[in-house]
Ligand SMILES: [Zn+2]
Ligand SMILES: [Zn+2]
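Residue numbers (the numbering used here): 67 to 456.
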């Protein structure tokens with residue numbers, strides 16, 4: 067057993083109590099005053115240096131001996147705007163808010179790693195920076211921290227992140243090389259025409275007809291301009307116009323999302339969608355706006371860093387089961403960091419025994435707390451070895 071795992075097991079009860087406290091007081095979005103204060107005060111009481119580099123955005127720096135590189139470990143702290151139906155005896159005290167994406171677990175795994183590495187900082191051959199971000203679910207927190215100097219002073223050389231997977235048991239750890247999560251681009255298309263009586267379509271500039279053609283042509287774009295084997299989802303999920311039987315409306319609004327693992331496909335589509343919108347608008351003599359309201363790049367795991375991590379984990383106490391072909395069809399704003407420095411996202415199993423359907427973002431999802439010491443020690447083990455080897 068490596069020291070980190072043994073120590074993490076000794077700390078389990080304490081870390082679980084932190085987790086339950088965060089779990090039952092969930093905060094959503096970019097403002098997480100209570101969670102942030104709790105993490106900051108707890109780590110400071112143990113002698114760590116914690117800096118709030120932006121509102122609800124914490125950075126912990128553990129300086130090792132001498133000069134060396136800096137590795138970033140990432141945690142997100144925000145909850146979801148859903149009702150907690152998990153039926154736990156420490157369930158959410160806040161109506162309509164729940165840690166349904168496991169960010170409470172991420173927070174305490176990173177707190178655990180901070181405590182483990184702080185204890186042995188004299189042996190660290192470099193620095194470990196640990197980030198605790200708000201607003202992951204709205205793809206805003208990582209960007210906020212990047213803009214607040216996250217990767218500077220000392221400059222960060224590589225990053226490692228972990229997301230819980232409540233569908234796989236503890237002991238599973240997936241971190242395939244290359245694309246792992248999709249990018250996400252949520253967009254709104256507004257078509258503005260001219261209203262008129264339903265009996266006189268010749269007087270209208272009909273935004274409904276334009277929106278209909280646009281919907282069809284966006285699907286053609288996917289079908290005819292992107293290779294069939296390429297993963298690309300382009301979904302229009304909201305289509306709103308008009309409120310009467312006999313009035314052509316002024317406006318039609320479409321909302322949709324696009325997901326792909328391939329950044330070249332993403333770039334291509336983000337240039338072609340506005341072309342198509344403009345072309346259809348011209349055809350129907352309406353005005354059009356295409357706005358991206360929320361987005362994040364895909365996460366592409368750095369193959370070299372994946373290989374290094376895999377070699378470090380050979381000397382870890384737990385032998386993880388890993389699927390090198392794993393793919394996550396969701397998105398995470400860690401993509402903003404991964405597109406700037408060599409990074410790896412790992413998906414860590416935490417399915418409680420006997421629980422079957424157990425999905426992230428589901429109001430009944432539950433997590434096996436055994437993952438907490440495992441994740442904390444895995445983070446610490448990787449950081450310690452990476453600094454020793456780089
Ligand atoms: Zn989520
Ligand atoms: Zn998440």
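Don't be surprised by glycine CBs; every beta carbon is placed ideally from N, CA and C. Keep in mind that this is a model prediction, so the values were computed, not measured.
DSSP state of residue i mapped onto helix, strand, coil
i: residue 70; result: helix
i: residue 149; result: coil
i: residue 401; result: helix
i: residue 245; result: strand
i: residue 316; result: coil
i: residue 233; result: coil
i: residue 281; result: helix
i: residue 211; result: helix
i: residue 455; result: helix
i: residue 117; result: strand
i: residue 77; result: coil
i: residue 446; result: helix
Classification of residue i by the beta-carbon crowding that lies within 10 angstroms, buried from 16 upward
i: residue 268; result: exposed
i: residue 156; result: exposed
i: residue 132; result: exposed
i: residue 159; result: exposed
i: residue 76; result: exposed
i: residue 311; result: exposed
i: residue 111; result: exposed
i: residue 369; result: exposed
i: residue 199; result: buried
i: residue 92; result: buried
i: residue 277; result: buried
i: residue 153; result: exposed
i: residue 72; result: exposed
i: residue 315; result: buried
i: residue 293; result: exposed
i: residue 417; result: buried
i: residue 364; result: buried
i: residue 306; result: exposed
i: residue 337; result: exposed
i: residue 167; result: buried
Spatially closest choice to residue i from the options, by CA coordinates
i: residue 151; options: 440, 389 and 432; result: 432
i: residue 148; options: 439, 426 and 455; result: 426
i: residue 456; options: 378, 428, 179 and 405; result: 378
i: residue 265; options: 399, 241 and 313; result: 313
i: residue 203; options: 293, 134, 286 and 94; result: 94
i: residue 221; options: 417, 193, 405 and 305; result: 193
i: residue 462; options: 261, 223 and 434; result: Any property of residue 462 remains undetermined from this structure, which presents the chain solely from 67 to 456.
i: residue 457; options: 88, 122, 84 and 90; result: Because residue 457 is not part of the residues shown, which for the chain are 67 to 456, the question remains open.
i: residue 474; options: 393, 165, 337 and 419; result: Shown here, the chain extends from 67 to 456; a query on residue 474 therefore has no answer.
i: residue 228; options: 406, 399, 279 and 102; result: 399
i: residue 180; options: 108, 318 and 405; result: 108
i: residue 85; options: 105, 350, 388 and 272; result: 105
i: residue 182; options: 282, 196 and 214; result: 196
i: residue 350; options: 263, 366 and 318; result: 318
i: residue 238; options: 245, 244 and 230; result: 230
Residue i beta carbon near ligand 2 (any heavy atom closer than 8 Å)
i: residue 168; result: yes
i: residue 426; result: yes
i: residue 184; result: no
i: residue 142; result: yes
i: residue 227; result: no
i: residue 398; result: yes
Closer than 8 Å: residue i CB and nearest ligand 1 heavy atom
i: residue 203; result: yes
i: residue 146; result: yes
Residue i beta carbon near ligand 3 (any heavy atom closer than 8 Å)
i: residue 398; result: By its list of ligands, the structure shown excludes ligand 3, since it contains just ligand 1 and ligand 2.
| query | Would you call the region 239-252 and the region 316-328 touching, i.e. three or more CB-CB distances under 8 Å? | reply | yes
| message | If contact is defined by three or more beta carbon pairs under 8 Å, each pair taking one atom from either stretch, is the region 167-177 in contact with the region 436-447? | response | yes
| message | Quick test of the definition: if touching needs 3 or more C-beta pairs under 8 Å, does the region 396-414 touch the region 217-232? | response | They touch, by the three-pair rule.
| message | Taking contact to mean 3 or more Cβ pairs, one atom from each stretch, closer than 8 Å, check whether the region 358-376 and the region 276-290 are in contact. | response | no
| request: Pair every Cβ in the region 228-246 with every Cβ in the region 335-347, then say whether three or more of these pairs are closer than 8 Å. | output: no
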